[in-house]
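Participant: Count along the sequence shown starting at 1, add 4, and that's the number in the UniProt record's numbering. Would you mind keeping the following structure in view while I ask a few things?
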Amino acid sequence: TERSLVLVKPDGFARGLSGEVLRRIEAKGYTLAALAVTTPTREQLAEHYAEHEGKPFYEPLVEFMSSGQVTAVVIEGNRCIEGFRALAGATDPTAALPGTIRGDLGRDWGKKVQENIVHGSDSPESAAREIAIWFPGLAT
Ligand code: ATP
């Protein structure tokens, strides 16, 4: 089996979409291994988004992600990394297909950063790294 780190970002959390995201994850057949509501620190985000440091959207991204509460979730199931990314849809919510979380629930708000409701790990290596950031105590 496999685990992935999912975040309901501050835009999704503020809009009350945590339940809707969890509903879609469970309806797909994945299970929840850990769940928390937290306000990300800049330190956590610097680790989480290390690969994006130096890009033009990095600073707005960290500002946005530290601006409010998020729901952090570890999901579990065969191929759930790929599966959740399919559920989430394309990064740009305008381009994301209807039927996906971003396509159904997201839009362009004219901000410097794409506010796109959710994050999902993109590889087993990222998942292990990200789960350690958001759930340091969780057994592997
Ligand atoms: P995530 O990692 O959040 O699931 P992703 O893998 O689709 O999304 P990444 O390329 O890892 O996207 O970028 C991380 C986040 O940075 C995106 O989810 C989005 O919020 C923001 N972002 C990415 N590219 C841009 C861009 N060109 N302009 C503005 N914001 C962006």
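Ideal placement from N, C-alpha and C gives every residue a C-beta, glycine not left out. All values reported here derive from a predicted model rather than from experimental measurement.
Can you list, in chain order, the residues of its chain with a C-beta nearer than 6 Å to that of residue 71? Leave out the 5 residues immediately preceding and following it.
Facilitator: Closer than 6 Å at Cβ, skipping near neighbours: 14.
Participant: Going along the chain, which residues of its own chain have a beta-carbon closer than 7 Å to the beta-carbon of residue 108, five neighbours each way excluded?
Facilitator: Correct list, in chain order: 102.
Participant: Could you check the C-alpha separation between residue 122 and residue 16 for me, to the nearest Å?
Facilitator: Taking the straight line joining both Cα atoms gives about 7 Å.
Participant: Note the first and the last residue of the continuous alpha helix (DSSP H) segment covering residue 30.
Facilitator: Looking at the DSSP string, the run of the alpha helix (DSSP H) that includes residue 30 is 22 to 32.
Participant: Quick check on residue 127: buried or exposed, where buried means 16 or more other Cβ atoms within 10 Å of its Cβ?
Facilitator: With fewer than 16 other Cβ atoms within 10 Å, it is exposed.
Participant: Within 7 Å of any Cβ in chain B, is that where the Cβ of residue 85 sits?
Facilitator: The chain labelled as chain B is not found in the depicted structure, where only one protein chain is given.
Participant: Distance check for residue 97 and residue 110, CA to CA, integer angstroms please.
Facilitator: Roughly 5 Å separates the two Cα atoms.
Participant: Among residues of its own chain, excluding the 5 on either side of residue 46, which ones have a beta-carbon nearer than 8 Å to its beta-carbon?
Facilitator: Only 66, 70 meet the Cβ criterion.
Participant: If I'm right that residue 44 touches residue 12 with Cβ under 8 Å, what's the distance once you round it to whole angstroms?
Facilitator: Actually they are not in contact, since the Cβ atoms of residue 44 and residue 12 sit about 12 Å apart, beyond 8 Å.
Participant: Can you look up residue 16 in the DSSP assignment and give me helix, strand or coil?
Facilitator: Helix, per DSSP.
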